[in-house]
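Chains A and B are the protein sequences, given in the same order. The first sequence: position 366 = 365 (numbering that gives the first Met the number 0), numbered continuously. The second sequence: position 412 = 411 (numbering that gives the first Met the number 0), numbered continuously. As structure tokens, the structure follows; a few thoughts come after it.
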Amino acid sequence: MSPLNEKMLTGRQYWQSLEELADTAEFGKLIEREFPSRASEFLSGDRRRFLKLMAASLALAGLAGCRRYPVQVLAPYAHRPANRDPGVPVQYASAMDISGIAQGMMITSVDGRPIKVDGNPSHPMNRGGSDSYGQASIMTIYDPDRARGVVQRSGGKFIDSNWATFEAFWKTQLDAAKKTDGQGIAILAQAYSSPSVKFMREKWQKLLPQAGWFEYEPISFDNDRLGTELAFGKPLRIVPELHAAKIIVCIDFDMFVGDPLSVKFARDFAAGRRMTNPTTGALATSMNRFYAIESTFTITGSQAENMNHRMAMAAKDIVVAVGMLASELKAQGLSLPIDLPALPPAPAGFDPKLCAAIAADLLANKGKSVITVGHHQPPVVHALAAVLNDALGATGRTVQYFDAPDPARPTHLQAIQELTAAMADGKVKTLLILGGNPVFTAPADLNFGAALAKVPLSIHLADYDDETSALCHWHLPESHYLENWSDARTFDGTASIVQPMIEPIFDGKSPAEVLAILADAPARSGYQIAQDALGLKATQWKWKKALFDGFIEGTAWSPAHVQVSATGLAAALASQVTKANAMHFAADDLEIVFRHDTKMYDGRWANSGWLQELPDPMTRLTWDNAAMVNPKTAAAMGISLYESQMIDIQVGGRKLSMPVYALPGQPENSISLPFGYGRTRSGVVGTGTGFNVYTLRTSANMDFAIGRITATSTFYKLATTQTHFVIGLAGEKAIAQRIPQLVHQATFEQLQSNPSLGHKRQTAVNLWDEHHYNTGYQWGMSVDLTSCIGCGACVVACQAENNIPIVGKEQVLLGREMQWMRIDRYFRGPDLTRPESVHEPVMCMQCENAPCEAVCPVGATVHSQDGLNQMTYNRCIGTRYCMNNCPYKVRRFNFFDYNSGTLENLYEPNLLRKPMNDLVAMQRNPEVSIRVRGVMEKCTYCVQRIETTRVVAERQNRRIRDGEIVTACAQACPTQAIVFGDILDKSSKVAVLRNQSRSYGLLNDMLFTKPRTTYLPKISNPNPQIAASELPDRGSM
Amino acid sequence: MTTIEIPQGRLDTGFDNTAEDCIHRDPLVTGEATYHAITKIVTATPEARRAPKIWYVCFTISLMLLCLLFLTIAYQVFTGVGVWGNNSPVGWGFDIINFVFWVGIAHAGTMISAILLMFRQKWRTGINRFAEATTVFSVLCAGIYPAIHVGRPWFAYWLIPYPNVMGVWPNFYSPLLWDALAVGTYSTVSFLFWYFGMVPDLATLRDRAKTRTRHTLYGLFSLGWRGSARHWLIYERGMLILGGVATALVLAVSSTVSTDFAVSQIPGWHETIFPPYFTVGAIFSGFATVIALAIPARELFGLKDVITLRHMDNLAKLMLVLASIVAYIYLIEFFIAYYSGNPYERFAYYNREFGPYWWLGWAMLFCNGVVPQLFWFKKARTTWWLALPVALIALFGMWTERFSIIVTSIQRDFLPSSWHMYRPSIVDIGMFAGSFGLFFTLFLLFCRFLPMVAMSEVKSILPQSHTHLPADCKAEA
């Protein structure tokens, strides 16, 4: 009998403590050992008795002795692979392809899992910047809803299958197909820039010459191609080079957000608007000027110098406006190679004075001006703009042309029409869909889904089991671009190698790899295919350099040589003008513009929580799309401006009910419907969000149509992060008063004559000696409101870097979004049908006199020596006093345990909640704490990056260099509007910008918070011939 | 003069003792004003075999609400603050509104017992016990909120400075710390004040007890009181000290609570007038509560001879004074907002009356500033069906005042981009209702089992207590 049992049986002895009770020789020895939990102990000699004793003592001590731990298998890291330091982030270059245009990416990977995507600093497209798509793409790889393997549908049931089964199945199909040279087989593919795909495609077509290849993108650049064909006689890719332009006329083109080239456009545009040289502090001597003619109020249009530099008009009328601009140019002396047709009277929204001013400006800046046209404008507008550009000497200077990589292909619309017709006729026996989601995105009148049902064998390769997969016989999982070897080309043809960061999580394959299976090619791995396609060997120095650089030097195309041969243009223009004029409005009719959603693109990002919760740059809408209607139009139709009223939209025989968002600045006779929302099968996050505008988009009217709108009596809840009309008149007046103080604005002329812009730094008289932050490093940030276009890439970057959870639509409605930084959007101007809008990024200002710090009862938020306003999550008890007292409202509270469960069960007590999928946690940045419920959080200036760099610098016994630390927002910003650094170092960029006399701290004049984040005023460069905006200045408040 | 019927078989008729005559003061106790009669009146309810039927009804409802309170608290603690309507920018909603509301109500008891004691207002004896009880119970209701409103309630004790191995002290600059200390002190002192004052009366109940249980329990809580002169001496001294401390606390607690707002920099919170403003408002709401509770208590428990019309009249007069001060402060606030020239300040007050919560803003002005002006009329002061609604409206008005200050100010502060509406959730409302459950459960238990009127003190103001006075003055004491 053991000593313990003896003691217990005597019944006389009592123990005072667990130690005393467990006072056995074995246990004593055990606790003397340094590592009592060593596994060998558990297996030695008297294991049973030891365990009994342990169980008894633990149970007696009141601990639960019966918890069963799950079996977990560990892989020992006994032999460390070369160049792999545990916990040290490694960066790799790669590329992401959207609609056939690649962005160069820099991927940060920790311990074999990619955690962050940023723009590749040396890539010609990105130069370090990125957009919200690129930033959010890292979330998709860890999306538990991604397609998880090969699925076969038979008899209405989905059966889990595998690649081997599919390959065996396909072999039999291929053998049969070879006999007919592939008759009856068709491939419907997305636009791929990948040389690998092209390479495999050629192999495939050689094997099955009769098989069809169709390419479809719902957001197509075909109008550009057709336009250049009209103007120059061949299809071209148009690339405006805004950095070389002094005058930019943007025609219905949302260049700066949601376009595959947005990053480049934004950077180039901002280059011409940077007022202060961050190295020398010298003031710029010139500034570009931006005019916009557009059918939807976009952030691109909001860059126009003031409200009088922007025309809002129906998309159909823009051809007339451009025609008028052409004739104005002609009248002012520009010689045009074409005759202009007679034009109808000026359409609604057209401003002849502005038109004349634009023409004069363009002429005065020949060779330094550019006209850019949106993809959804008809070809003739592109052609006319190209001819005007050419006449203005833009070709080769401010606009580049590249030969279209696939000149022979039909347009995307023609392709899908032709294919669907063949499918419906039963001519397609086997359909392979490579990427894309045509059931969702194809023109509604084609009824792609019904035609697909007639195809005897359909195979879909896609990253999600989506609407199309549900109707296909086979679903093949597509790998994420971070999971496979591939390649891609950017706008100018520069090729990049796509390298994998991680083994495919869900057994996916890349399109090239699938094509290799389909074509029964000997080389099956993406690695091999990419090398074959690029003609490089992995052993070559060039391959290694390309992997390192992220692109292959010298692969850019040379710009196409173009010559205007606009023989058909005049006639085409005349017919388009007639067509536009014929699109006559009946009494209740409005123009309906179909445009891509700035966050969902064509619907592919539907299951990305970050993008769903990213506020739209203009509407600040999250989790939904809405019909954007001018408030005046809405009021005239009896639509409430205060609630989101549902309207019925009728186009042709098609009907859609959708909520209204009253967007000031919309044309009065046109409404905009963003497509990409309304997915029915996109995963837990995206399914059921928004409204499917594709149901109204037909092949006859892919870009705009005439429709009828009727208000219904039902209402919908739109989750916006910033409200406007509901604020009411009293609030609006106050806002109008405040904006000049919050967003300092001035013109370029004013800046030249008075660089301080009359801004006086006020100093507070203090009763006590304040803390002086004058030693060590003192971190600060400068935000240039002139450069900031409000695209929101920084917001997603911050979310990715700092492990910020999404909270879901319900919580956004309650005002509990968690993003640490936001972009405030204010409309201003006396006329809300024609306002200006300004964008202002707001993150924690790291005030030296931080109002939040004084009021925290437990000292959870304190100031660091280097001037950071720090959050100690472990100490925070969540009184929310700091949040109340923060004048910038940048603090975010964990109202629920957002990180531990799913969004659906937020309201369930913690102990009962279903946990979050482990996969999601793999994206998390290991350098940043995951916050529990009940604590406050906020921007830290990416303190983890500061500290990591500090360690490196201190080990090398040197100071941190300027630019060595880049915050996530600054890194993402395509326009480099955000600059971070040490403000004590007088030569640092941030100090130079901060010390500009016009640089100001938000609310600092009022509250003396001494923010470390300062702003440079928004400078505009209005044409002196155009009326200045009638806005109050700062002094009048 | 009201014509409520007095139950037969008790003391004689009620008597209108509200006449203001400096020569002949009306007695403060009507009916048969003898020591024994007082004892009989006060002990009637604790000693009754059964309480009035309405007591059971009220108690059942209160208990149910109390259960609701426990359920909502449990749900909130296990789920998160998100179950409430709070958001960003409105970090504090019902939690702090109700905290300030209950703290305010708590002020009447101490005001009556301590400050009126200092001013030698003898009439207070009829109502002080009763008012102190409201203090103790409402401080308890108030105290729940700061503890559970934090994100991690299990760490709420970090608010209190205590030596700990972490070596971390709270931030002594933070008003929330002052708040925790002030409310903690206040609840302790007001409880002691209430309980010590009750000891002689508990002893009376003990002495009259007819069952063993009653004898034991009352005996236990009367702490061996024998009524000796030494006991009385110590008792009087102790009460005087506690009274002194409590007097300071009446002024300090709401002032401290007001610093939660005044120390911040939110327009509408950042006001130097807040300490007196909150104190006056608190006492005002406290008196409203005492009136609202005294009216039914007089009726139900036959206390009309002890809590006489004069008491009601005096309470109403005090309310009138306080309401007028409150109204004055409202006007000053608006004037200063205008006069400051600070656009943010101006907007905060404009928004209070014309923003989305305009009706609460106007309700505040109307209920607290206008309605109590009815008490200029004696009829309103002495007629229960006029006084009761005025008191209840004032209570509602004071709640809307807290809403207007707390929510309407932060709902729209500096940056318009962050403006957001606040709507309480069902849990918020449930918890507020539940806190009434806690209050009334305790209050009804108090009415049923404890002496609602300070017998010993009331006896001291009977004419026969003043044997040293000339005979003709006795009636006027």
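Where is the CB? At the ideal position from N, CA and C, for every residue including glycine.
Considering only the beta carbon of each residue, do residue i and residue j sit closer than 7 Å?
i, j, result
"His743(A)", "Pro344(A)", "no"
"Leu431(A)", "Ile591(A)", "no"
"Leu308(B)", "Thr381(B)", "yes"
"Thr419(A)", "Ile184(A)", "no"
"Asn86(B)", "His419(B)", "yes"
"Gly366(A)", "Gly392(A)", "yes"
"Ser129(A)", "Asp117(A)", "yes"
"Asp961(A)", "Ser987(A)", "yes"
"Ile114(A)", "Ser93(A)", "no"
"Asp506(A)", "Gly148(A)", "yes"
Thinking C-alpha only, which one of the options is nearest residue i?
i, options, result
"Val497(A)", "Gly549(A), Ala522(A), Lys508(A)", "Gly549(A)"
"Arg833(A)", "Glu748(A), Asp506(A), Val683(A), Thr295(A)", "Thr295(A)"
"His269(B)", "Arg236(B), Ile324(B), Glu235(B), Glu332(B)", "Glu332(B)"
"Ile479(B)", "Met318(B), Tyr337(B), Leu441(B), Met430(B)", "A query on residue 479(B) cannot be resolved here, the shown segment of chain B reaching from 0 to 476 and no further."
"Tyr141(A)", "Ser574(A), Asn916(A), Phe979(A), Ala579(A)", "Asn916(A)"
"Ala265(A)", "Asp253(A), Ile528(A), Asp174(A)", "Asp253(A)"
"Ala247(B)", "Ala261(B), Gly360(B), Thr124(B), His106(B)", "His106(B)"
"Gly125(B)", "Leu292(B), Leu302(B), Val426(B)", "Leu302(B)"
"Pro275(B)", "Trp358(B), Gly340(B), Thr255(B)", "Thr255(B)"
"Ala258(B)", "Ala293(B), Ala181(B), Glu31(B)", "Position check: residue 258(B) holds Thr in this sequence, whereas Ala was assumed. Measuring from the Cα of Thr258(B), the nearest candidate turns out to be Ala181(B)."
"Asn873(A)", "Thr860(A), Asn305(A), Cys881(A)", "Thr860(A)"
"Ser121(A)", "Ser495(A), Gly155(A), His375(A)", "Ser495(A)"
With DSSP run on the structure shown, which of helix, strand or coil describes residue i?
i, result
"Met500(A)", "coil"
"Met323(A)", "helix"
"Arg288(A)", "strand"
"Trp778(A)", "strand"
"Leu57(A)", "Any answer about Leu57(A) is weak, because its pLDDT of 49 lies below 50 and its placement is not dependable; what the coordinates show is given next. Three-state DSSP puts Leu57(A) in a helix."
"Ser301(A)", "helix"
"Asn170(B)", "coil"
"Ser755(A)", "coil"
"Ala1026(A)", "coil"
Residue range of the alpha helix (DSSP H) that residue i falls in?
i, result
"Gln527(A)", "525-533"
"Pro739(A)", "727-741"
"Ala853(A)", "850-854"
"Ile646(A)", "Looking at the DSSP string, Ile646(A) is not in any alpha helix (DSSP H); the run it does join, the beta strand (DSSP E), is 643-650."
"His381(A)", "378-390"
"Pro80(A)", "Run containing Pro80(A): none; DSSP gives neither H nor E here."
"Tyr348(B)", "342-353"
Between which two residues does the beta strand (DSSP E) containing residue i stretch?
i, result
"Lys352(A)", "Element bounds for Lys352(A): not the beta strand (DSSP E) but the alpha helix (DSSP H), 351-363."
"Ala487(A)", "485-488"
"Tyr234(B)", "Counting along the chain, Tyr234(B) falls outside any beta strand (DSSP E), though it belongs to the alpha helix (DSSP H) covering 228-261."
Next on the checklist: Residues of the segment 149-165 of chain B in Cβ contact with chain A at a cutoff of 7 Å, in chain order, please.
Outcome noted: Val149, Gly150, Arg151, Phe154, Ala155, Trp157, Leu158
Next on the checklist: Closer than 8 Å between beta carbons: that is the criterion. Which residues of the segment 392-414 of chain B meet it against chain A?
Outcome noted: Ile409, Arg411, Asp412, Phe413, Leu414
Checklist entry - Can you list, in chain order, the residues of the segment 860-886 of chain A whose Cβ is nearer than 8 Å to any Cβ on chain B? => result Arg874, Cys875, Ile876, Gly877, Thr878, Arg879, Tyr880, Met882, Asn883, Asn884, Pro886
Checklist entry - the segment 427-451 of chain A: which residues have C-beta closer than 7 Å to a C-beta of chain B, in chain order? => result none
Item to check | Residues from the segment 908-929 of chain A in contact with chain B, defined by Cβ distance under 7 Å | outcome: Pro908, Asn909, Leu910
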